[in-house]
Amino acid sequence: MPLYPVSVSLSSYGASLVRERGQASFLPLLAQAGAARAELREELFDAPPDPEALSAAVRSLKLDCLYSAPLELWTEQGRLSAALGPTLERASACGARWLKVSLGHYRAGYDLDELAQQLAGQSVQLLVENDQTAQGGRIDALQAFFAEAETRDLDIGMTFDIGNWLWQTQPVDEAAQRLGRHVRYVHCKAVRHNVDGRLVALPPDEIDLQQWLRLFRQFPVGVPRAIEYPLQGDDLLAVTRQHVETLARLGQIQEERQHA
C-alpha cells in the first residue's frame with residue numbers, strides 16, 4: 484500500500500460511459516494509473532453486478548475496494564435504514580472492505596444499539612459521508628453522530644467530501660477541525676458555479692490544491708484521498724495517472740513541510 488494512497492471514484496468517468504462499459508472494465512485502467520483503491524458506485528449498476536467477477540478482478544489487480552451506496556443511514560422517521568444489512572452484504576460480495584453511505588436524518592440522542600448489532604462481526608467498515616443535503620451535509624449533525632459512535636466504541640469512520648460542504652454553505656476549514664480525527668477517506672473535488680448558477684464538480688487548480696494541503700493537516704497521516712471529479716480526455720489512462728500522481732504528491736509535500 485502506498486504511503487499516500489489514491490482512490491478513484493468510478494463516477495469520475497461520467498455516468499453514461501461507465502454504464503456503457505461497465506465498472507469492471509475500468510479496474511485495469513486504475514491499476515495501471517497507480518491508484519490504490521477503486522470506488523464502486525452502486526447507482527451506476529444498471530443491472531445487478533456479478534459480485535464474484537468483481538471481487539476476483541479487484542484481487543487480481545491488487546486493488547483495495549470501496550463500495551459507495553446512495554443510502555441514508557437514518558430515515559426521516561428516525562429509524563436505522565432497513566437497507567443497511569443487505570447493502571453491507573453486497574459490498575462484501577463485491578470484494579469491498581469499506582461501505583460509504585450518507586448520514587441521513589440522524590439527531591443527537593438517537594439510540595445506536597441496532598446499528599451496533601448490524602456492524603458486529605462485519606468485515607466491511609462503515610464510512611459515513613457529508614453529502615449535499617440539509618440533513619446529511621451539516622457539521623453539527625455529523626459531529627453529534629461521530630461523538631455518540633465513539634462513546635459506543637463503534638468502528639465507523641468518516642468520508643470527508645471537501646466539495647460537498649459548499650452545498651450547505653458550511654465552512655470547510657471548521658469542518659476539518661471539528662471532524663478531522665474521524666476521517667478515514669477523503670473525497671477531493673473542486674466546486675464552482677456554472678453559467679446557470681449551479682454548483683458543479685471540477686478538477687482542481689493550484690489554489691484548490693493548496694487548500695486541500697491545509698485541510699489534510701487535520702486528518703490522520705496517510706489517509707486515502709479519492710478523485711471524485713471529471714476525468715476526461717482521449718487518453719483516460721494518461722489523464723488518470725496525472726491526477727493520481729497529483730493527489731499522492733500532496734501527501735509528500737505535507738510531510739516535507741512538517742520536517743522542514
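Position one of the sequence shown corresponds to residue 484 (our numbering), numbered consecutively onward. Every residue gets a Cβ at the ideal spot worked out from N, C-alpha and C, and that includes glycine. Note that the structure is a prediction, hence the values are computed from the model and not measured.
Notebook entry, point to check: Taking DSSP as the reference, what is the three-state secondary structure of Gln725?
Noted result: In the structure shown, Gln725 adopts helical secondary structure according to DSSP, grouped into three states.
Item checked: Pairwise C-alpha distance: Glu689 and Ala552 -> Cα to Cα, Ala552 sits roughly 31 Å from Glu689.
Next item on the list: Would you tell me roughly how many angstroms separate the C-alpha atoms of Glu744 and Arg700, rounded to the nearest one?
Entry: The question about residue 744 has no answer, for the chain in this structure spans 484 to 743.
Next item on the list: Would you give the residue range spanned by the beta strand (DSSP E) that Ala516 belongs to?
Entry: It is not in any beta strand (DSSP E) - Ala516 carries neither H nor E in the DSSP assignment.
Check: How is Ile522 classed by DSSP in three states: helix, strand or coil?
Finding: Rather than Ile, the amino acid found at residue 522 in this sequence is Glu. Correct three-state label for Glu522: strand.
Check: Cα separation between Gln605 and Leu571?
Finding: For Gln605 and Leu571, the distance between alpha carbons rounds to 8 Å.
Item checked: From Gln608, Asp596, Leu544, Gly587, residue whose alpha carbon lies closest to that of Gly620 -> For Gly620, the closest C-alpha among the options Gln608, Asp596, Leu544, Gly587 is that of Gly587.
Next item on the list: Would you mind sorting His676 into buried or exposed? The rule is 16 or more other CB atoms within 10 Å of its CB.
Entry: The residue in question, His676, is exposed, as its Cβ has fewer than 16 Cβ neighbours within 10 Å.
Checklist line | Chain-order list of residues whose beta-carbon lies under 8 Å from that of Leu512 (same chain, five-residue window excluded) | finding: Hits under 8 Å: Leu719, Leu720, Thr723.
Item checked: Residue interval of the beta strand (DSSP E) (run including Val489) -> Per DSSP, the unbroken beta strand (DSSP E) holding Val489 starts and ends at 489-492.
Notebook entry, point to check: Does the Cβ of Gly561 have 16 or more other Cβ atoms within 10 Å, making it buried, or fewer, making it exposed?
Noted result: Classification for Gly561: exposed.
Checklist line | Segments of 3+ residues assigned as beta strand (DSSP E) that fall wholly inside the stretch 592-653 | finding: Positions of the beta strand (DSSP E) runs, each at least 3 residues long and wholly inside the stretch 592-653, are given as 608-612, 639-644 in order along the chain.
Next item on the list: Mind reading off the beta-carbon distance from Leu527 to Ser494? Whole number of angstroms is fine, and I expect it under 8 Å.
Entry: The beta-carbon distance between Leu527 and Ser494, rounded to whole angstroms, is 7 Å. This is short enough to meet the 8 Å contact definition.
Margin query: Check whether the stretch 666-682 and the stretch 626-634 touch, using three or more Cβ-Cβ pairs below 8 Å as the test.
Written below: With the cut-off at 8 Å, the stretch 666-682 and the stretch 626-634 do not touch.
Note to self: Distance check for His665 and Gly705, CA to CA, integer angstroms please.
What the structure shows: Between Gly705 and His665, the alpha-carbon positions lie close to 13 Å from each other.
Next item on the list: Provide the residue(s) that pair with Arg664 in DSSP beta bridges, ordered along the chain.
Entry: The partner list for Arg664 (beta bridge, DSSP) is empty, contrary to what the question assumes.
Check: Is DSSP giving Ala579 helix, strand or coil here?
Finding: Ala579 falls in the coil class under three-state DSSP.
Notebook entry, point to check: Quick one, which of Leu637, Leu698, Gln601, Ala507 has its alpha-carbon nearest Ser564's?
Noted result: Closest in alpha carbon position to Ser564, among Leu637, Leu698, Gln601, Ala507, is Gln601.
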